[in-house]
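Asker: Residue numbers (the UniProt record's numbering): 1 to 995. Even glycine gets a Cβ: it sits at the ideal position worked out from N, Cα and C.
Structure follows, in structure tokens:
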């Protein structure tokens with residue numbers, strides 16, 4: 001029998017593949033073809049259309065990659081050239097498209113295949129350039145983005161396409177891609193080969209088959225719901241209270257294996273990851289509330305996460321299809337795997353249905369375990385759960401993402417790693433994850449519909465038994481008779497928008513509002529209900545007048561003494577600590593946590609009952625309420641909280657800022673100078689801190705952002721967050737002596753598309769240039785160049801470009817040089833430092849290179865020649881023709897080579913006051929009524945300490961009211977001497993024009 005079986009097993013060479021592709025399979029470790037590959041590849045090589053139905057992880061990607069590469073190789077040999085746009089593969093998700101492209105490149109590396117990925121979230125212009133220059137043989141993309149390129153990218157077409165492949169066709173049709181698919185099918189030739197692969201054959205897939213395939217060969221390597229043969233399945237049966245103990249015991253017995261744990265909710269992933277970490281296991285949470293770039297679509301059907309050995313169903317899915325997608329994460333491409341489900345007394349029904357879908361006679365085996373060993377873990381697990389709950393509660397209002405930056409970096413390294421050596425180090429004991437949000441919402445909607453139908457059936461059955469009275473009506477009668485609150489009556493949440501609307505109507509119409517509203521109700525409900533009183537949000541029968549009196553503002557709240565200003569921190573994003581929503585958020589003034597809403601079913605209301613905390617402030621309207629009573633508190637003692645939440649400045653106060661020498665005392669006892677407060681370093685964000693501290697010295701820019709009315713027309717989150725940060729830095733009534741730029745950093749990450757992000761060191765030069773340009777773009781109005789950024793920083797250069805017809809080193813004759821003169825604006829001036837001395841001279845002779853600032857400023861005198869080689873060899877001459885009010889100078893200390901970044905240690909000798917530019921730069925004469933202002937004073941000096949790509953940034957700034965200098969590095973603020981400023985290794989400087 002063994003010999004017969006060995007004779008029937010085929011190799012990739014037996015399928016008719018060429019030598020190059022067989023070797024590529026061997027290099028990837030593919031020893032023999034899978035069932036779907038063995039059946040599909042021979043038909044594909046004969047030029048037939050295919051329909052493949054296969055289980056997840058059965059190797060269906062290789063089933064269409066190999067024959068298309070074989071066809072591409074033969075076509076190139078016949079033509080003696082490779083035809084571009086030979087194959088097009090459509091995928092439902094960007095991550096799956098990237099994986100398919102990697103398969104093409106890995107298998108086609110020996111024949112020089114060029115592949116490009118066209119997916120959303122990337123720059124279309126860059127993709128268009130790649131299509132034009134690279135002329136790829138294989139295009140892998142999502143239908144939406146490919147349709148966009150066919151419509152908008154000039155010169156791009158698929159009229160010569162030979163192969164169209166639809167992968168995961170059932171998902172393509174379930175994600176509203178029908179319109180894009182129709183556009184693509186119209187744009188490609190009909191005499192093509194088409195391969196359609198799907199996990200299930202739905203009615204939509206069958207319609208697509210009839211529309212785009214010709215006499216296809218159907219290959220079924222799996223039933224509708226099935227698992228691969230190499231997957232071992234089992235379950236543990238346990239009490240629900242011991243589920244966590246069984247999970248920890250299971251993971252401890254699988255030491256060295258990589259596990260993926262599926263839960264039902266996003267909150268469970270975070271909590272379970274914390275518990276496992278407390279117990280010494282490395283766990284990474286992945287859930288649908290993470291951004292797309294961070295979770296990398298790891299749970300999308302068909303995505304191959306490397307080296308998953310064990311899949312654990314922490315919660316049994318109510319949908320059998322979800323179970324097969326979960327367990328399909330392991331035992332992929334011929335590897336073995338283990339899937340274990342944790343079943344308790346409440347999971348028997350769904351688990352039995354899963355067994356029926358696998359097979360009528362199939363039973364998932366039950367695993368036994370020594371319960372005494374599991375119970376030994378109970379105390380440790382309970383303590384870990386207690387600590388994890390406490391940690392989540394304490395950090396509720398400070399966590400703005402579902403996982404911190406370390407987790408994001410771990411996930412990126414784990415799932416996107418290219419270095420094999422690093423991938424071995426990054427193996428994780430467990431990856432806690434959940435279904436992607438689409439499946440969660442779909443399942444929740446379906447379950448809600450099922451429950452609704454059941455309630456209707458039960459009501460109908462009850463009404464038949466009780467003579468036409470439904471179960472719902474009987475419950476209502478019982479509750480109304482007993483005076484107990486009816487849980488079936490929905491509650492209305494209250495927010496400030498509704499209350500403001502009601503008050504506005506009352507203010508406009510006086511007593512007529514109540515009368516008119518009563519008439520409307522009577523018109524709708526009949527004359528007999530004219531005097532019926534409406535139900536308020538507390539479930540009591542109160543008239544509108546009674547409800548209004550109940551919420552009348554009060555000044556005698558008995559809970560004002562419970563307000564704890566020490567815990568209040570408004571520097572973080574305003575998210576509810578429970579729901580993570582940013583709508584209608586309140587801050588508890590007793591514990592400092594954020595909660596959503598104040599209605600009877602809201603999180604703030606629940607917290608007031610559970611914790612006994614009664615005073616809350618609305619973070620948008622700044623109104624203070626007492627819960628659960630619900631009335632507004634009017635008390636002058638709360639004004640300081642409102643001022644810290646949203647600092648305010650009058651125009652007169654703004655004018656006096658540079659004259660104020662008075663120190664302020666924070667609530668924590670620290671003394672600080674307004675405008676000279678430290679900024680928290682949130683994981684290598686010192687480059688942001690020094691930039692902000694420098695720009696705070698630019699008086700017109702600061703004054704502009706201190707008055708929100710100046711930019712109320714701009715809805716950009718970056719502009720709004722920068723204004724809030726400016727007001728907090730200069731506020732004289734802070735609760736603490738430092739400010740956290742957390743909300744501003746979140747806006748920066750979003751606006752820069754994570755070019756600048758928390759946890760990644762960047763250059764303050766690049767950040768300042770990006771920030772000023774972005775603020776200018778957001779603030780400018782219809783008038784050209786009209787923004788505060790333009791008024792403060794923009795100067796103008798005259799540029800003379802000499803382009804030789806011959807090389808610069810050759811002898812020049814008349815007519816050999818082409819001269820071009822132009823004008824260009826500038827935001828900052830880059831100054832070239834002289835070459836650094838040799839390392840030997842620095843070490844042995846103790847040479848400290850120095851250069852006067854005036855020497856390197858001669859670059860802009862209009863006579864000094866600067867030779868450039870990109871984009872073309874040229875000789876450039878620069879001359880300043882208009883000076884800005886604030887001049888930014890950049891000392892080009894860092895030089896990027898092919899292998900490393902070199903830092904130039906040359907000291908620049910610069911004056912702290914009275915930098916006269918006209919002595920070194922020939923400036924144009926001003927108009928008669930104007931005066932030449934060419935003198936500048938230094939106001940900010942950014943310094944880099946340490947090696948390139950390492951070290952840290954600090955800044956020296958001047959306080960104008962006292963003309964004193966301060967050194968600032970994150971939270972550290974100290975007074976210093978002007979001589980220390982002049983001796984520093986200047987990197988970025990801001991000079992103010994003397995008026």
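1) Check whether the Cβ atoms of residue 741 and residue 765 lie closer than 8 Å to each other.
2) Roughly how far, in whole angstroms, is the beta-carbon of residue 604 from the beta-carbon of residue 586, given that I think they are within contact range, below 8 Å?
3) Please state the DSSP three-state secondary structure of residue 346.
4) For residue 515, name the three-state secondary structure that DSSP assigns.
5) Assign residue 665 to one of three DSSP states: helix, strand, or coil.
6) Can you name the residues that DSSP bridges to residue 969?
7) When we look at the beta-carbon of residue 598 and count the other beta-carbons within 10 Å, is it buried (16 or more) or exposed?
8) Return the CA-CA distance between residue 881 and residue 799, expressed in angstroms with no decimal places.
9) DSSP beta-bridge partners for residue 671?
10) For residue 314 versus residue 247, is the C-beta spacing smaller than 8 Å?
11) If contacts are defined as beta-carbon pairs under 8 Å, then residue 660 and residue 984 qualify, I think. What distance do you get, rounded to the angstrom?
12) Tell me, to the nearest whole angstrom, how far the beta carbon of residue 62 is from that of residue 37; I am working on the premise that it is less than 8 Å.
13) Skipping 5 residues on each side, what residues in its chain have a beta carbon closer than 8 Å to that of residue 635?
14) Using a 10 Å radius around the Cβ and a threshold of 16 neighbouring Cβ atoms, would you call residue 363 buried or exposed?
15) Can the beta-carbon of residue 739 be found less than 8 Å from the beta-carbon of residue 827?
16) According to DSSP, is residue 366 part of a helix, a strand, or is it coil?
17) Can you check the segment 48-103 for any alpha helix (DSSP H) of at least 4 residues that lies completely inside it and give the ranges in chain order?
18) Should the segment 224-241 be regarded as contacting the segment 339-349, the criterion being three or more beta carbon pairs within less than 8 Å?
19) What is the DSSP secondary structure of residue 758, reduced to helix, strand or coil?
20) Following the continuous beta strand (DSSP E) through residue 988, name the residue where it begins and the one where it ends.
21) Please name the residue in 858, 263, 244, 254 whose C-alpha comes closest to that of residue 383.
22) Only counting runs of 4 or more residues, tell me where the alpha helix (DSSP H) segments fall wholly within the segment 850-933, in order along the chain.
23) Can you check which of these residues, 935, 891, 990, is closest to residue 944 by C-alpha distance?
24) Which whole-angstrom value describes the C-beta separation of residue 69 and residue 21, a residue pair presumed to lie in contact below a C-beta threshold of 8 Å?
25) Drop a sphere of 10 angstroms on the beta-carbon of residue 552, count the other beta-carbons inside from all chains shown, and report buried for 16 or more, exposed for fewer.
26) Excluding the 5 residues flanking residue 257 on each side, which residues of the same chain have their C-beta closer than 6 Å to its C-beta?
27) Hey, residue 688 and residue 745 are a contact pair by Cβ (cut 8 Å); roughly how many whole angstroms apart?
28) Could you tell me whether the Cβ atoms of residue 133 and residue 114 are closer together than 8 Å?
29) In whole angstroms, what separates the C-alpha of residue 120 from that of residue 142?
30) Measuring only the C-alpha atoms, how far is residue 982 from residue 941?
31) Residues in the same chain with beta-carbon distance under 6 Å from residue 704, minus the five sequence neighbours each way, listed in chain order, please.
32) Applying the criterion that 16 or more other CB atoms from any shown protein chain within 10 Å of the CB defines a buried residue, is residue 595 buried or exposed?
33) Name the DSSP beta bridge partners of residue 936, please?
34) Along the beta strand (DSSP E) that carries residue 283, what are the first and last residues, could you check?
35) Tell me whether residue 991 is buried or exposed, calling it buried when 16 or more other Cβ atoms sit within 10 Å of its Cβ.
36) Could you give the distance in angstroms between the alpha-carbon of residue 988 and the alpha-carbon of residue 198?
Answerer: In short, the structure shows the following:
1) It is not a contact, given that the beta carbons lie outside the stated cut-off.
2) Indeed they touch by this definition, with Cβ atoms about 5 Å apart.
3) Looking at residue 346 - three-state DSSP - the assignment turns out to be coil, as it is neither helix nor strand.
4) Note that residue 515 scores 37 on pLDDT, short of 50, meaning its location in the model is unreliable and no value can be drawn from it.
5) In this structure, DSSP gives residue 665 an extended state, which the three-state scheme calls strand.
6) As DSSP reads the structure, residue 969 sits in a beta bridge with 972.
7) Flag for residue 598 reads buried.
8) One C-alpha to the other measures close to 10 Å.
9) Partner(s): 665.
10) Yes, the pair counts as a contact, with Cβ atoms nearer than the cut-off.
11) Going by Cβ atoms, the distance from residue 660 to residue 984 rounds to 28 Å, so no, they are not a contact pair.
12) Indeed, because the Cβ distance is near 5 Å, the residues count as touching under 8 Å.
13) Listed in chain order, the non-local C-beta contacts of residue 635 below 8 Å within the same chain comprise 555, 557, 560, 624, local neighbours out to five positions each way being set aside.
14) By the neighbour-count criterion, in which 16 or more other beta carbons inside 10 Å mark a residue as buried, residue 363 falls on the exposed side.
15) Cβ distance not < 8 Å, so residue 739 and residue 827 don't count as in contact.
16) Residue 366 falls in the strand class under three-state DSSP.
17) Listed in chain order, they are 60-79.
18) Contact between the segment 224-241 and the segment 339-349 is present, because at least three Cβ pairs lie under 8 Å.
19) The three-state secondary structure of residue 758, taken from DSSP, is coil.
20) Start and end: 986-993.
21) Here the closest residue by C-alpha is 244.
22) Complete alpha helix (DSSP H) runs here, min 4: 853-857.
23) Comparing Cα-Cα distances from residue 944 to each of 935, 891, 990, the minimum goes to 891.
24) Confirmed, about 6 Å.
25) Within 10 angstroms of the beta-carbon of residue 552 lie fewer than 16 other beta-carbons, which makes it exposed.
26) So the qualifying residues of the chain are 309, 310.
27) By a beta-carbon distance limit of 8 Å, residue 688 contacts residue 745. Their separation comes to about 7 Å.
28) For residue 133 and residue 114, no; Cβs fall outside 8 Å.
29) Going by the C-alpha atoms only, they are around 8 Å apart.
30) Roughly 9 Å separates the two Cα atoms.
31) Non-local C-beta neighbours of residue 704 in its own chain, meaning closer than 6 Å and more than five positions away in sequence, comprise 710, 788, ordered along the chain.
32) When all chains shown are included, residue 595 counts as buried.
33) Looking at the DSSP assignment, residue 936 forms a beta bridge with 915, 993.
34) In this chain, the beta strand (DSSP E) harbouring residue 283 covers 283-286.
35) Flag for residue 991 reads buried.
36) Rounded to the nearest angstrom, the two C-alpha atoms are 58 Å apart.
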